[in-house]
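Participant: The numbering used here numbers the first residue of the sequence shown as 29 and each following residue consecutively.
Quick one: the structure is below, questions incoming.
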Amino acid sequence: IEYEYFVNQSFYLITYNLRYFLVVLNPTKHTKNFYSYLDELSGLDFIFKDKIININQLIEHNLSDKHYKIIRAKFCSVALSESSKATIEISSSTNAINDFIKTFGDIYYEISKAKLVLSTEKYKDLDLDISKTGLIQTSKLNSINVNEIKKLLEILY
Numbered sequence: 029i030e031y032e033y034f035v036n037q038s039f040y041l042i043t044y045n046l047r048y049f050l051v052v053l054n055p056t057k058h059t060k061n062f063y064s065y066l067d068e069l070s071g072l073d074f075i076f077k078d079k080i081i082n083i084n085q086l087i088e089h090n091l092s093d094k095h096y097k098i099i100r101a102k103f104c105s106v107a108l109s110e111s112s113k114a115t116i117e118i119s120s121s122t123n124a125i126n127d128f129i130k131t132f133g134d135i136y137y138e139i140s141k142a143k144l145v146l147s148t149e150k151y152k153d154l155d156l157d158i159s160k161t162g163l164i165q166t167s168k169l170n171s172i173n174v175n176e177i178k179k180l181l182e183i184l185y
């Protein structure tokens, strides 16, 4: 059996600070196939599995002068002992990363995902899901234009 499916996907390809950003509006469960197909066509290396963003560093350096809350964070590779590691997800009303550090102390961890609520001049309580693979999602913006995307990129990068 062979089948085909069609995806009507709205997206932007933006160049900002000599880097390419693929912005997909209202992604579906088939969006990963779209990434792969677009990567094959363009050769621009959109595949996320090879990308690693240090979420902690992104937040500390780029959002230090912004009002935000880290309401959820998923920590992976949390060392429990020499032979075991854990994945822990923490929800917080203010800062899930600080709550993790207060609870577990100075142990090795990686943040694989974080959910932020960011307030700027334009956006009040904008939710951003940031993944270490470079994927950034929001559920509050139903439509967005290129200039708004560039303003968000200025904040994050």
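C-beta atoms are modelled at their ideal positions from N, C-alpha and C, and glycine is treated no differently.
Quick caveat, the model's predicted, so the values are computed rather than measured.
(1) Count Cβ pairs between the segment 138-150 and the segment 83-93 that sit closer than 8 Å; are there 3 or more?
(2) Measuring straight from C-alpha to C-alpha, what distance separates SER110 and ILE125?
(3) According to DSSP, is ILE183 part of a helix, a strand, or is it coil?
(4) What first and last residue would you give for the beta strand (DSSP E) that runs through VAL102?
(5) Give every residue of the same chain whose Cβ lies closer than 7 Å to the Cβ of VAL51, excluding the five residues on either side of it in the sequence, and list them in chain order.
(6) I need the DSSP call for GLU32, collapsed to helix, strand or coil.
(7) Determine the direct distance from the alpha carbon of LEU180 to that of ASN45, and round the result to whole angstroms.
Facilitator: Let me lay it out:
(1) As far as the Cβ criterion goes, the segment 138-150 touches the segment 83-93, which means the pair count is three or higher.
(2) Looking up residue 110 in the sequence shown gives position 82. Looking up residue 125 in the sequence shown gives position 97. Reading off the sequence shown, one finds Glu at residue 110, where the question assumed Ser. Rounded to whole angstroms, the gap between the alpha carbons of GLU110 and ILE125 is 23 Å.
(3) Position 155 of the sequence shown, counted from the start, is the residue given in the question as residue 183. Correct three-state label for ILE183: helix.
(4) Your numbering for residue 102 matches position 74 in the sequence shown. Correcting the residue identity first, residue 102 is Lys in this sequence and not Val. Per DSSP, the unbroken beta strand (DSSP E) holding LYS102 starts and ends at 95-107.
(5) Counting from one through the sequence shown, the residue named residue 51 turns up at place 23. Taking C-beta separations shorter than 7 Å and ignoring five residues to either side along the sequence, the partners of VAL51 in its chain run PHE39, TYR40, ILE42, ILE177, following chain order.
(6) Translated into the one-based positions of the sequence shown, residue 32 becomes position 4. Coil.
(7) Residue numbering aside, residue 45 sits at position 17 when the sequence shown is read from its first letter. Residue numbering aside, residue 180 sits at position 152 when the sequence shown is read from its first letter. Linking ASN45 to LEU180 through their CA atoms gives a straight-line distance of about 13 Å.
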